[in-house]
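Engineer: One structure is given below, represented as structure tokens, and several questions about it will come after.
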Amino acid sequence: MNYIKQLNEFYSTLDYKPLSANAIAIYMFILHIANKTGWIDEFKVANSTLMGKCKLNISALQRARNELITQGYIYYKKRFKSK
1093 MNYIKQLNEF YSTLDYKPLS ANAIAIYMFI LHIANKTGWI DEFKVANSTL
1143 MGKCKLNISA LQRARNELIT QGYIYYKKRF KSK
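In the numbering used here, the protein residues as written are 1093 to 1175.
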């Protein structure tokens, strides 16, 4: 995957699939992590990491993440903690 190409496609897509500022911030951070991981298909990012890097509380994070999911920007799989 090409980082610049992905950015250009993202910003072009915003013209017809707009997002909130919080959703854009999360997407940009996720894109950064995807690039760092070598564009593997699936990776994990803790809520606490996203909240810290994007300066969001948990409810704002959840709203923005749901926005990204419903608009088709990301796929999200909830992790269940084992007891």
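Beta carbons: idealized from backbone N, C-alpha and C, even for Gly.
(1) If you draw a straight line from the C-alpha of L1111 to the C-alpha of C1146, how long is it?
(2) For N1139, which of D1107, R1155 and N1127 has the nearest alpha-carbon?
(3) Buried or exposed: which applies to R1113, given that a residue is buried once 16 or more other Cβ atoms fall within 10 Å of its Cβ?
(4) How many angstroms separate the CA atom of K1173 from the CA atom of A1115?
(5) Where does the unbroken alpha helix (DSSP H) through Q1163 begin, and where does it stop?
(6) Quick one: give me the first and last residue of the alpha helix (DSSP H) that G1144 is part of.
Structural biologist: A quick look at the data gives this:
(1) Cα to Cα, the separation comes out at about 15 Å.
(2) Of the listed residues, the one whose Cα sits closest to N1139 is R1155.
(3) Before going on, a small fix: residue 1113 reads as Ala here, not Arg. So A1113 ends up on the exposed side.
(4) The alpha-carbon atoms of K1173 and A1115 are separated by roughly 25 Å.
(5) Annotation for Q1163: no alpha helix (DSSP H) segment contains it, and DSSP assigns it neither H nor E.
(6) The continuous alpha helix (DSSP H) containing G1144 extends over residues N1139 to C1146.
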